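K.L.:
Residue numbers (UniProt numbering): 1 to 169. Yeah, the Cβ is synthetic: ideal placement off N, Cα and C, and Gly gets one too. Everything numeric in this text was worked out from a predicted model, so none of it was measured.
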């Protein structure tokens, strides 16, 4: 008996993978975005190239056509796909949409959960369409959330400022 233990792959996603392996078919039209994203990650990890390409195309469609889902999950999607080397097309689409409307992106509810490397990559770009003071304000808010500091800076001592400094460097 073979035991296949992959706790990072949900049972729903694993069922979709099995269906694809056994039948060669998989319809993702009415599947939730989170399942498609999970399938993308799992198919990349399991080296299922055809399934990876299909799920990436479905996720691209979902992002472009289901804007409400994408806006609610933008940071999560971006953090996830940025770890996938084969997802360059989707990564570039997300980065371009951020650069076109950075103001909307940095005011998203989940902005504070954005991966540090992605944030720094965005800040290094020359094509951001927002004033630097606005970026700086949100960078400070991001740093406060990352360092798990009190939002009221009047209560801070030297240690809190050092923690923020360490987070931002």
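Would residue 111 and residue 142 qualify as a contact pair, given that the criterion is a beta-carbon distance under 8 angstroms?
P.N.:
Residue numbering aside, residue 111 sits at position 111 when the chain shown is read from its first letter. Residue numbering aside, residue 142 sits at position 142 when the chain shown is read from its first letter. The answer is yes: Cβ separation under 8 angstroms.
K.L.:
Are residue 91 and residue 98 closer than 8 angstroms when you measure CB to CB?
P.N.:
As a working note, residue 91 is residue 91 in the chain shown. As a working note, residue 98 is residue 98 in the chain shown. No, these two residues do not count as a Cβ contact at 8 angstroms.
K.L.:
Step through the CB atoms of chain D and report whether any lies within less than 8 angstroms of the CB of residue 82.
P.N.:
Note that chain D does not occur in the displayed structure, where there is just one protein chain.
K.L.:
Indicate whether residue 55 and residue 78 have their beta-carbon atoms separated by less than 8 angstroms.
P.N.:
Within the chain shown, numbered from 1, the residue matching residue 55 stands at position 55. Within the chain shown, numbered from 1, the residue matching residue 78 stands at position 78. Cβ atoms of residue 55 and residue 78: not closer than 8 angstroms.
K.L.:
Could you check what DSSP says for residue 105 in three-state terms: helix, strand or coil?
P.N.:
If you number the chain shown from 1, residue 105 lands on position 105. Residue 105: helix per DSSP, three-state reduction.
K.L.:
Using DSSP with H/G/I as helix, E/B as strand and the rest coil, what is residue 69?
P.N.:
By one-based count along the chain shown, residue 69 stands at place 69. Three-state result, residue 69: helix.
K.L.:
In the DSSP assignment, the alpha helix (DSSP H) including residue 97 goes from what residue to what residue?
P.N.:
Working through the chain shown from its first residue, we reach residue 97 at position 97. Its alpha helix (DSSP H) spans residues 88-100.
K.L.:
On a Cα-Cα basis, can you pick out the residue from 12, 93, 103 and 108 that is closest to residue 68?
P.N.:
If you number the chain shown from 1, residue 68 lands on position 68. Looking at the Cα atoms, 108 is the closest of the given residues.
K.L.:
On the DSSP letters alone, give me the boundaries of the alpha helix (DSSP H) that residue 38 sits inside.
P.N.:
Position 38 of the chain shown holds residue 38. That run of the alpha helix (DSSP H) goes 33-45.
K.L.:
Using the C-alpha atoms, what's the distance from residue 18 back to residue 118?
P.N.:
In the chain shown, residue 118 corresponds to position 118, counting from 1. In the chain shown, residue 18 corresponds to position 18, counting from 1. Approximately 33 angstroms, taken between the alpha carbons.
K.L.:
Is it buried or exposed, residue 33, if we count other Cβ atoms within 10 angstroms and call 16 or more buried?
P.N.:
What you label residue 33 is simply residue 33 of the chain shown in a count that begins at 1. Answer is buried; the Cβ neighbour count reaches 16.
K.L.:
On the DSSP letters alone, give me the boundaries of the alpha helix (DSSP H) that residue 1 sits inside.
P.N.:
Residue 1 sits at position 1 when you count from the first residue of the chain shown. First-last for residue 1: undefined, no H or E at that position.
K.L.:
Count the other C-beta atoms from every protein chain shown that fall within 10 angstroms of the C-beta of residue 73, then say buried if there are 16 or more, exposed otherwise.
P.N.:
Within the chain shown, numbered from 1, the residue matching residue 73 stands at position 73. So residue 73 ends up on the buried side.
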